[in-house]
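Novice:
Chains as they are written, first to last, in the working numbering: chain A, 1359 to 1964; chain B, 1359 to 1964.
#1: Measure from the C-beta of residue 1906(A) to each C-beta in chain B and report whether the shortest distance is under 8 Å.
#2: Need the endpoints of the beta strand (DSSP E) that residue 1892(A) sits in, please.
#3: Could you name the residues of chain A that residue 1816(B) contacts, counting a contact when the two beta carbons are closer than 7 Å?
#4: So which residues of chain B does residue 1829(A) contact, with C-beta pairs closer than 7 Å?
#5: How far does the beta strand (DSSP E) with residue 1866(B) in it reach, from first residue to last?
#6: DSSP three-state call for residue 1914(A): helix, strand or coil?
#7: Take the Cβ of residue 1525(B) as the centre, count every other Cβ of all protein chains shown within 10 Å, and call the residue buried at 16 or more, exposed below.
#8: Any C-beta of chain B sitting closer than 8 Å to the C-beta of residue 1883(A)?
#9: Would you mind telling me which residues of chain B sit closer than 8 Å to residue 1859(A), beta carbon to beta carbon, in chain order?
#10: So, residue 1848(B) versus residue 1665(B), is the Cβ gap smaller than 8 Å?
#11: Of all the options 1933(A), 1867(A), 1638(A), 1627(A), which has the alpha carbon lying nearest to the alpha carbon of residue 1580(A)?
#12: At least one CB of chain B closer than 8 Å to the CB of residue 1359(A): is that the case?
#13: Between which residues of its own chain and residue 1563(B) is the CB-CB distance below 6 Å, once the five residues before and five after are set aside?
#14: Assuming residue 1533(B) is part of the alpha helix (DSSP H), what are its boundary residues?
#15: Check the Cβ of residue 1925(B) against every Cβ in chain A and list those closer than 7 Å, keeping chain order.
#16: Which value, in whole angstroms, describes the spacing of the CA atoms of residue 1751(B) and residue 1773(B)?
#17: Comparing alpha-carbon positions, which option in 1568(B), 1384(B), 1895(B) lies nearest residue 1578(B)?
#18: Determine, using beta carbons only, whether residue 1742(B) and residue 1797(B) come nearer to each other than 8 Å.
#19: Please list the residues of the segment 1915-1939 of chain B that have a C-beta atom closer than 8 Å to any C-beta atom in chain A, keeping them in chain order.
#20: Pop quiz: residue 1453(B) and residue 1419(B) are said to be a contact at Cβ under 8 Å. What is the actual Cβ separation, rounded to whole angstroms?
#21: Using a Cβ-Cβ cut-off of 6 Å (strictly less than) and excluding sequence neighbours within five positions of residue 1362(B), which residues of its own chain qualify?
#22: Flag this pair as touching only if the segment 1367-1375 of chain B and the segment 1505-1522 of chain B have three or more C-beta atom pairs under 8 Å; answer yes or no.
#23: For residue 1596(A), which of 1518(A), 1902(A), 1605(A) has the nearest alpha-carbon?
#24: CA-CA distance, residue 1647(A) and residue 1620(A)?
#25: With 8 Å as the threshold, decide whether the Cβ of residue 1639(B) is near any Cβ in chain C.
#26: Nearest to residue 1405(B) by CA position, among 1390(B), 1936(B), 1417(B), is which residue?
#27: Residue 1429(A) CB to nearest chain B CB: under 8 Å?
#28: Could you pull the start and end residues of the alpha helix (DSSP H) that residue 1824(B) belongs to?
#29: Buried or exposed: where does residue 1695(A) fall if 16 or more other Cβ atoms within 10 Å of its Cβ makes it buried?
#30: Classify residue 1454(B) as helix, strand or coil using the three-state DSSP reduction.
#31: Roughly how many angstroms separate the alpha carbons of residue 1688(A) and residue 1713(A), rounded to a whole number?
#32: Straight-line CA distance for residue 1640(B) to residue 1548(B)?
#33: According to DSSP, is residue 1361(A) helix, strand or coil?
#34: Just curious, the beta strand (DSSP E) that residue 1410(A) is in, first and last residue?
#35: Please report the straight-line C-alpha distance between residue 1479(A) and residue 1635(A), rounded to a whole angstrom.
#36: Does DSSP put residue 1845(B) in a helix, in a strand, or in coil?
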């Protein structure tokens, strides 16, 4: 989407204010979210970008009659100032100066603050209402979004087809998944659960779509009933031929506008309905309550079983990672030859590097899409955690610098996400020291054994202590959940400083990605995906201990490893990992690349 | 306190039921707590023990007309069955089958469940009320405790004198502490804070008492006002001569029964008063609300500044630990000679060992009391985490077994808490392996460096990973806060698997006590106290990193260390620690003990 020019921003803001005045509103909240609260939204839902020019993946704006503000988090500090016209919007920190605080300070008593109840979760709405009331004002739900009335060239809503995700990848039939969840509903005394997260519905129905970039999501709503049937509110023209057979009798496809009446019917019968206040739109809660339903607030019941991959999904993940690792290995062999040779005369650009990596991935028939926009950061750009290279302003790979490359792909049998940091030419001693500390953290996590019940928050420190020893740290989480041909970021488990109460369970896939960033100089991150498995060591009580199996298979740059800083155990881990990488790929490589891989994975131990 | 015989229990239970019937109550809750929610209570407050015979440090009973139950946690599983007459009381697990669940299932509709609002915090009361209402019944506050009406030989209330805690140990005058806290009250718009925790009041006023065993606490209440004055509700006969001068003009001593009217006066003026719902009795909340006050629920404002010891308190802690470590070292030298020599003919008993250790501590003028009842566990008794040796049933120190000794003392300049595990004769290879894994965890924690903002929950795993590797773990926290000539267990910081959001801050003292317990065989624990200090290494942003300074100074049994399992860094830590122990004590020991210490602290490294 093209960025809005400043004069456009001014005109749009003025038009929105006029529209709000016409409706008797004193302000309006514009979140980045769509109705499904996902990380990616369809172009037709990019209302925040249309209004403000800001295209980050999280944020919001609040527009009042006299003033307006845009809110973005630390990842977007620079980008938001580049993209947003400061004459129109004050720029605020999303976390430290959140919209609620700004609303409380600026809204003014007696005001009416509008919000679109489809675009805010119930929890967010409660916070907004509190802020409005603290200002002596009122929070008012709008019937239709005022921006949609003004957005003349609004892209059409997504129309991508929705197709079956076959059992050979899904591993468990939708009917069986629904029966499992239905049991849980019955135990809670609920007759239905309202599902609004696209990845939950995709997982539960074993379907995939293409409504948003980078993630094969269908956008729809569903009501799962305690008898294991499901009402699926989805545009019928999106359904591919044969999908009805795949779905079977238990799934009733209904037009999207039938959702409201279906909720009304539940309400009229006074039924108890499970809805997730963290993720479901406030609109669903309001409609159910108005109709007389008892809303049971609780987690989306798909989240945990979706996170626990079954054995078919795990085998798929292994195959996808082998394929993905081969493409990355070919790329690394190419890069190792190309980047230093061109460094002086015609240095390789970040964009070309990312495109070349994509081309290696596209050599496989199985490739469907990237799983996120590649982060290709040379030198100082590597220190910008959320960097995105653009043709005009990109950096180039120069001797003595580092190159950080974070990328992933969507395959029908699995989603990948991998970061490698490469030395172009000769790295400095400091770079080697920092890289090795990050590697020690990565290995500590990869090799840990832990009892059932352990959370990612408990393990996070293992990835940091070697950096802390030297007064260093990194300002992001250590690991996020990853879907199975679904979102590259999924919960509820997480490896992070932030307390998280979800234990790591067998089948969960998480990233292991400690890093180190020296602002203005270089960035380091080493990321593999790992699956939680039962360890071969039993706990004393006879139950299996858990461990991680590393899924990602690509060399870690030995030019950046300082062997003297590794313990014998750490060296053994690295050598064993590299032996796995070598065995996985050597037969599939041409002679040059095979020789390169042999060198790149040479053992450091005796 | 003598244990109640079964027939006594039956008679007391019947008398209580009659008393409840007389008052129109269908049940009554008997917590182990007194009005101050501390770990130790005065004999006059041991209502739970009087009624049920159970003397554990946590628990409760609920008495209904037809049935009654005692609740105790996992530490007391055996003890509670020993002490409680099963014909009178069902025994329930305090955490897994808490009183609330039992009340909900057993109380019966329309019932009236009595509780003493002085003995339950506001939060506990909310939970009790919810349970009673879920049963269709009502929770009713009693005016006076029905047990007190029946308890004929009830010990008198504590009368121990309250004396000044001089500035040379406290480090900061009460007036200055009160001024700091008063600022916080003003910021919150509160005119006063009701203080009910004895250690908070002792810290704030720089006074110490003797109302309960093992902790020099005065039992009293206080109202700290936003002008930094304080109303102290305390029996005037307890105040030692000169205390009024120490307290100064800002502290007004008032009779205990003036607390109610003082709360009423705040209410009459419609004032906002800060009270801690986790620790303050429900009585205080009810009285304030009835009088018209606005209750601001929030943490006791003394907790955090009390936890952050000042430099005088830290110097005191160092001196106390040196003194305490000398006593322990003398004991260990004695034990190493005595225990094996007597093992075959007249083995040393757990009680004699604990008494001998106490005698070594009493050689110092500074000794005031133990800081808790010594845990002296030989062989399998060492695996009982909360073991208490009794003359008649005690174990003895035998060759080839381990001896776990957890003890501490109160000195005017500091509180100590230390655990050593000793091999009597030759330990098995398994014992050495397990001990060394525990030691590796202890060292990892002792040597860690971490950024400001880090919590104990984040660090906990460092103490466990080496056990986890072998499928082992321990089922208790890794570290608790420790007071300064105050409670041996204090919050709010903690090192534990359980999420805790209080960052570790300079001056905080915590224990470092990983362990391993093999049921029926032996127990291992290695405990030192550590203080949070600024590390000599700076963080990249120029702020100090934090680290731990180990305070405890006593040898760790090298007979239990398997040197091949230690990394060079771990060996260096152990040798450096032992060098500190040797330097601290060698000049103060007689020739035999000095020679023993030399051997006991010999370096393992090259």
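We put the CB at the ideal spot given by N, CA and C, even for glycine.
Specialist: Considering the structure as presented:
#1: Not one chain B Cβ lies under 8 Å of residue 1906(A).
#2: 1886-1896
#3: 1818, 1819, 1855
#4: 1895, 1896, 1897, 1898, 1903
#5: It is not in any beta strand (DSSP E) - residue 1866(B) carries neither H nor E in the DSSP assignment.
#6: coil
#7: Flag for residue 1525(B) reads exposed.
#8: So no, residue 1883(A) is outside the interface.
#9: Those are 1857, listed as they occur along chain B.
#10: yes
#11: 1638(A)
#12: Confidence in residue 1359(A) is poor, its pLDDT being 31 and thus under 50, which makes the residue's placement too unreliable to answer from.
#13: 1532
#14: 1532-1545
#15: 1925
#16: 30 Å
#17: Per the Cα distances, 1568(B).
#18: Taking 8 Å as the Cβ cut-off, residue 1742(B) and residue 1797(B) do not qualify as a contacting pair.
#19: 1925
#20: The pair is not a contact, with the Cβ atoms about 16 Å apart (cut-off 8 Å).
#21: Confidence at residue 1362(B) is low in this model, with a pLDDT of 45, below 50, so its placement is unreliable and the value that follows should be read with caution. Same-chain partners within the cutoff: 1411.
#22: yes
#23: The candidate whose alpha carbon is nearest that of residue 1596(A) is 1518(A).
#24: 13 Å
#25: Here chain C cannot be found, since the structure's protein chains are A and B.
#26: 1390(B)
#27: With 8 Å as the cut-off, residue 1429(A) does not count as an interface residue toward chain B.
#28: Looking at the DSSP string, the run of the alpha helix (DSSP H) that includes residue 1824(B) is 1823-1826.
#29: exposed
#30: coil
#31: In a straight line, the C-alpha of residue 1688(A) is about 14 Å away from that of residue 1713(A).
#32: 19 Å
#33: With a pLDDT of only 44 at residue 1361(A), under the threshold of 50, the placement of this residue in the model should not be trusted; the figure read from the coordinates follows. Residue 1361(A) falls in the coil class under three-state DSSP.
#34: In the DSSP assignment, residue 1410(A) falls outside any beta strand (DSSP E) and lies within the alpha helix (DSSP H) extending over 1405-1410.
#35: 6 Å
#36: coil
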